[in-house]
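A.B. asks: Could you have a look at this structure, given as structure tokens, before my questions?
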Amino acid sequence: MRLSSAAFAEGGMLPPRFTCDGDGVSPPLAWADVPDGTQGFALLCEDPDAPSGMFTHWLLYNLSAGSRELAEDIPKDAVLSIGARQGTNSFGDLGYGGACPPRGDREHRYIFKLYALDTDLALEPGVRREQLLDAIRDRVLAEAQLMGKYKR
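In short: position in the sequence shown from 1, add 18, done, that's our numbering.
Listed below in structure tokens is the structure:
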């Protein structure tokens, strides 16, 4: 499976629009080469370089098996019109929280991970990272990642 964005290349800099220095909207994403048997997708965006440890910027789950892209600027609703649900990020909010490393800190990596799952998840909106990871354990058929960087 492959994950890409029209807004930035693998290992490239995130445009300010997707950060706290801009509008803080979610970037467009697209994926391909989905394995047979996929029943849905889950997506995480995390910063492993945060001073406090892993910082979760986005949790999105129960994306339909037929979906192959996410538009830019996904609303911060608990349940999206496409049926997907959003979890609680490390800012304490639903939806995508823009990249926002401390000023003067080194360049941070923002890793978008897409998981192809063999089932829909019986999770309410608002779950946190640990709950999502527990729910997808042993359900992952394939995963793909895309990494962007940002520094303030």
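We put the CB at the ideal spot given by N, CA and C, even for glycine.
Computed from a predicted structure; not experimentally measured.
What residues match up with Gly58 in a beta bridge as DSSP calls it?
C.D. replies: Numbered from 1 along the sequence shown, position 40 holds the residue referred to as residue 58. Beta-bridge pairing links Gly58 to Ser82 and Leu135.
A.B. asks: Residue range of the alpha helix (DSSP H) that Arg146 falls in?
C.D. replies: Position 128 of the sequence shown holds residue 146. Premise fails: Arg146 is in no alpha helix (DSSP H) and is neither H nor E.
A.B. asks: May I ask you to report which of helix, strand or coil DSSP gives Arg35?
C.D. replies: As a working note, residue 35 is residue 17 in the sequence shown. Reduced to three states, the DSSP call for Arg35 is helix.
A.B. asks: Rounded to whole angstroms, what is the Cα-Cα separation between Arg146 and Ala96?
C.D. replies: As a working note, residue 146 is residue 128 in the sequence shown. As a working note, residue 96 is residue 78 in the sequence shown. Those two C-alpha atoms are separated by around 13 angstroms.
A.B. asks: In chain order, what residues of the same chain have a beta carbon less than 6 angstroms from the beta carbon of Arg170, not counting five sequence neighbours either side?
C.D. replies: By 1-based counting over the sequence shown, the position of residue 170 is 152. Pro119 and Arg121.
A.B. asks: Can you tell me whether Asp65 is buried or exposed, with buried defined as 16 or more other CB within 10 angstroms of its CB?
C.D. replies: Residue 65 sits at position 47 when you count from the first residue of the sequence shown. Label assigned to Asp65: buried.
A.B. asks: What three-state label does DSSP hand Ala153 in the structure shown?
C.D. replies: Here residue 153 corresponds to residue number 135 of the sequence shown, with the count starting at 1. Helix.
A.B. asks: Only counting the same chain, and skipping five residues up and downstream in sequence, which positions put a Cβ closer than 7 angstroms to that of Asp51?
C.D. replies: As a position in the sequence shown, residue 51 is number 33, starting the count at 1. Contacts found: Met19 and Arg20.
A.B. asks: Could you tell me whether the Cβ of Val97 comes closer than 8 angstroms to any Cβ of chain B?
C.D. replies: In the structure shown, chain B cannot be found, because there is only a single protein chain.
A.B. asks: Ends of the beta strand (DSSP E) at Arg20?
C.D. replies: Counting from 1 along the sequence shown, the entry for residue 20 is found at position 2. Residues Arg20 to Ser22.
A.B. asks: With C-beta atoms as the reference, is Leu151 less than 8 angstroms away from Gly55?
C.D. replies: As a first step, residue 151 must be located in the sequence shown, where it is residue number 133. As a first step, residue 55 must be located in the sequence shown, where it is residue number 37. Against a cut-off of 8 angstroms, the Cβ pair of Gly55 and Leu151 comes out as no contact.
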